[in-house]
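Okay, so here's the structure we're looking at.
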Amino acid sequence: MAAPSLAASTLAERIVARAAGRDRVRPGEIVTARVDLAMIHDSGGPRRVKPMLEELGVGVWDPDRVVVVSDHYVPAVDAQSAAILKLTRDWVKGQAIRHFYDQMGICHVVLAERGHLRPGRFVVGGDSHSPTGGAWGAFMFGVGATDMAGVLATGETWLRVPETILLHWSGQLADGVCAKDMMLHLCARLGMDGGRYQVVQYAGPAIAALSMTERMTLSNMAAELGAQTGLIAPDAVTAAGIEAAGGDAGDWADWQDDGTAACAERHSFDAGSLAPQVAAPHSPANAGPVDAAEPAAIDQCYIGACTGAKLQDLHAAARVLKGRQVAAGTRLLVAPASTRITAAAAADGTLAALTAAGAILLPSGCGACAGYGAGVLAEDETCMASTARNFRGRMGATTSRVWLGSPYTVAATAVQGRIADPRPFLAERP
Amino acid sequence: MAAPSVNPGAILAPIRGRAWLVGDDVDTDVLAPGAYMRGPVEELARHCLEAVRPDFAAGVAEGDIVVAGRNFGMGSSREQAAQALRILGVGAVLAPSFGGIFYRNAFNLGLPVLVCDHGGRIADGDRLVVEPMAGRVADETAGIALDSDAVPDHLAAIVASGGLIPYLKQRFARQS
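Protein chains in written order, with this note's numbering: chain A, 1 to 430; chain B, 1 to 176.
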């Protein structure tokens with residue numbers, strides 16, 4: 001499967017062209033693409049697609065190209081969630097699907113840490129944060145359950161070939177500033193529809209300097225820019241990350257893009273001058289520098305979700321919290337994004353630092369981010385979260401208010417009891 | 001599935017109903033609140049748009065038309081957002097732009113959504129006639145006509161079949 005070698009095509013166009021069996025494709029064309037991998041979870045997956053596939057009288061087109069993750073209703077809290085999880089298990093068995101991760105973490109994180117993603121691949125996910133896979137150089141995007149049923153039945157889907165919007169980051173992030181801050185800044189600058197359901201591609205020295213974990217945060221929140229996916233061209237960091245996850249980096253070097261291809265838009269940003277960002281209720285686009293944010297009193301701090309509870313996120317929070325205490329009147333909930341991350345954080349002392357500060361540990365899953373699991377908010381409560389979305393009512397009561405920040409900022413806020421800049425906490429050790 | 005080809009017989013009848021106005025960036029959590037996602041979608045539908053229009057679910061009638069601001073349906077991939085509107089009888093949604101996943105979901109579930117830059121010219125409760133295939137919107141109350149993008153060719157066959165699953169069923173039947 002050689003990559004189409006056309007200098008005038010963007011990375012996205014080259015991946016779509018391969019999947020569509022074409023030499024080249026152009027933005028705006030409607031094409032049919034073969035799907036290399038499909039990922040579904042317990043909420044939008046088996047319980048929704050099973051009756052549709054039965055209606056069509058077919059099973060999944062290729063069980064080895066399907067990954068199923070139970071992460072939304074985990075662990076079961078009532079008869080309904082228990083039934084959804086059981087249906088998921090039974091369906092996976094009936095379809096002879098080998099790649100099933102039952103309560104092992106959030107799908108986007110699990111897919112990466114189990115080595116399922118490869119550069120140049122065309123991947124469909126049954127969840128809106130599926131652009132996360134773009135960090136690995138895969139064209140991965142989210143669809144609803146009916147679209148997914150079509151993929152599972154036929155192994156194909158249609159798409160309108162997207163334009164590419166290049167987001168170039170120069171400079172170097174300061175200590176205490178991370179990928180989450182870059183994304184909140186982008187949401188403020190470009191808006192929640194700035195991505196126009198096209199592809200955003202992150203490039204530049206500040207991107208090259210990021211770990212895979214941080215790159216995943218960028219691609220994950222391409223969803224908040226309204227983009228179809230958020231690509232990062234693979235490099236040696238990508239290849240090493242895939243090998244470390246037990247995957248096959250294969251032809252990664254073929255899937256390059258030096259940014260000279262015709263992009264629809266280019267935007268430039270300076271990482272060096274970026275301050276920690278906070279997004280006020282009820283939109284990630286309501287973001288600005290933390291020192292300009294209203295120092296609102298916060299009832300709950302939440303470190304969780306596919307966006308903000310990976311191992312490096314927990315390390316960031318622990319740097320702030322080590323030797324300090326969560327403020328009286330504030331609670332800190334931590335839901336590591338996967339069971340592997342929990343194990344790693346237990347082994348390296350991170351969990352001990354968090355719990356000694358007063359953090360409450362929650363199961364690995366989507367949890368309170370989407371208002372599903374433990375940790376939802378009461379009427380008029382305030383929350384500072386490391387998640388991706390602070391839409392009205394998403395984390396609980398309609399009158400609750402959620403601010404978004406990096407894991408550093410959430411941790412500093414937990415210590416202060418009010419929205420706080422993490423940088424002074426990192427500068428001086430207690 | 002292959003890119004659907006145009007079905008020449010796919011002519012959707014005009015949709016007649018009252019306008020329900022909502023603002024910019026209406027997200028899928030507002031359309032399909034997470035607290036009801038575990039249960040039956042019929043129950044969830046009773047809470048559709050509750051956070052921004054508490055009168056909507058109880059008051060909306062068959063054929064009524066949601067007239068929204070920019071980026072309608074942004075956020076989650078949960079297609080219950082579009083399904084709830086269908087269950088409540090919504091005939092179409094007009095907005096200057098849509099969340100990309102919601103846009104696909106709506107057609108997959110047989111709900112026509114039209115890109116229409118209505119620019120605030122439609123008032124809440126106005127009587128509308130929407131012709132999805134022609135891309136025409138008439139506000140009979142205000143006595144004005146507006147343009148919208150017509151349903152794209154590749155989605156016309158899907159929505160005329162009643163959604164992606166009926167569409168695929170017909171395609172599979174033709175192949176066998």
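No residue lacks a Cβ here, since even glycine has one placed at the ideal position from N, Cα and C. On a predicted model such as this, the values are computed, not experimentally measured, just so you know.
- A straight line joining the alpha-carbon of R429 (chain A) with that of L332 (chain A) spans about 20 Å.
- For F56 (chain B), no CB of chain A lies under 9 Å from its own CB, so it is not counted at the interface with that chain.
- Annotation: the stretch 222-258 of chain A contains the following complete segments of the alpha helix (DSSP H) (minimum length 4 residues), in chain order: 236-244.
- At a cut-off of 9 Å, the C-beta of W252 (chain A) has no neighbouring C-beta in chain B.
- A residue is called buried once 16 or more other Cβ atoms fall within 10 Å of its Cβ, and E79 (chain B) is buried on that count.
- Residue-level contact by beta carbon fails for I65 (chain B) and chain A, as no gap is shorter than 9 Å.
- For the stretch 23-38 of chain B, the set of residues with a beta-carbon nearer than 7 Å to any beta-carbon of chain A comprises D25, D27, D29, V30, P33, G34, A35, M37 and R38, in chain order.
- Under the DSSP assignment, H154 (chain B) falls outside any beta strand (DSSP E), being part of the alpha helix (DSSP H) whose first and last residues are D153 to S161.
- Think of a sphere of 7 Å around the beta carbon of I101 (chain B): the chain A residues whose beta carbon falls inside it are S128, G142, V143 and G144, in chain order.
- Contact check for A378 (chain A) and A397 (chain A): beta-carbon distance about 6 Å, within the 8 Å limit, so the pair qualifies.
- Measuring C-alpha to C-alpha distances from E214 (chain A) to each of A:A179, A:Q198, A:V199 and A:M140 identifies A:A179 as the nearest.
- Every unbroken stretch of the alpha helix (DSSP H) spanning 4 or more residues and falling wholly within the stretch 39-119 of chain B is given here in chain order: 41-45, 56-59, 80-87 and 100-108.
- With respect to G126 (chain A), I207 (chain A) sits apart: the two C-beta atoms are not nearer than 9 Å.
- Per DSSP, A138 (chain B) lies in no alpha helix (DSSP H); the unbroken beta strand (DSSP E) holding it starts and ends at R136 to D139.
- When 9 Å is used as the limit between beta carbons, M212 (chain A) is near no residue of chain B, the shortest such separation being about 24 Å.
- If only uninterrupted beta strand (DSSP E) runs of at least 3 residues are considered, those enclosed by the stretch 49-135 of chain A are 66-70, 99-102 and 122-125.
- Cβ-Cβ distances below 6 Å link H129 (chain A) to H108, N220, A223 and C306 in the same chain, with the five nearest sequence neighbours on each side left out; the list follows chain order.
- Residues are counted here when their Cβ sits less than 7 Å from a Cβ of chain B; for the stretch 381-398 of chain A these are R389, F391, R392, G393, R394 and T398, given in chain order.
- For the stretch 73-100 of chain B, the beta-carbon criterion of a distance under 7 Å to any beta-carbon of chain A is satisfied by M74, G75, S76, S77, R78, E79, S97, G99 and G100.
- Sequence-distant partners of A188 (chain A) (beyond 5 residues in either direction) whose C-beta falls short of 7 Å from its own C-beta, in its chain, are A285, A287 and G288.
- Shown here, R392 (chain A) sits in coil according to DSSP, grouped into three states, outside any helix or strand.
- Neighbours of E55 (chain A) in chain B, taken as residues whose beta carbon is under 7 Å from its own, are I165 and K169 in chain order.
- For R104 (chain B), the nearest CB of chain A lies under 9 Å from its own CB, placing it at the interface with that chain.
- The shortest CA-to-CA distance from G75 (chain B) to any of A:D193, A:R98, A:V16 and A:T157 is the one to A:D193.
- Beta-bridge pairing by DSSP links M39 (chain A) to A:V67 and A:G125.
- Under the Cβ criterion of 9 Å, Q228 (chain A) is counted among the residues facing chain B.
- DSSP places S219 (chain A) within a helical segment (H, G or I) once states are collapsed to three.
- Here N108 (chain B) really is in contact with D147 (chain A); their C-beta atoms are around 6 Å apart, less than 8 Å.
- In this structure, the alpha-carbon of V376 (chain A) lies about 17 Å from that of G308 (chain A).
- At a C-beta separation below 9 Å, G371 (chain A) has these neighbours in chain B: D29, P33, G34, A35 and M37.
- Residue pairing of G17 (chain B) in beta bridges, as defined by DSSP: B:L128.
- Chain-ordered listing is empty here: chain A has no CB closer than 9 Å to the CB of L44 (chain B), the nearest sitting near 12 Å.
- DSSP places V16 (chain A) in the helix class (H, G or I) of the three-state scheme.
- Using a CB distance below 7 Å, the part of the stretch 158-185 of chain A facing chain B consists of W158, ordered along the chain.
- Against chain A, a Cβ distance below 7 Å from R70 (chain B) picks out D193.
- Per DSSP, I144 (chain B) is one residue of the beta strand (DSSP E) stretching across I144 to D147.
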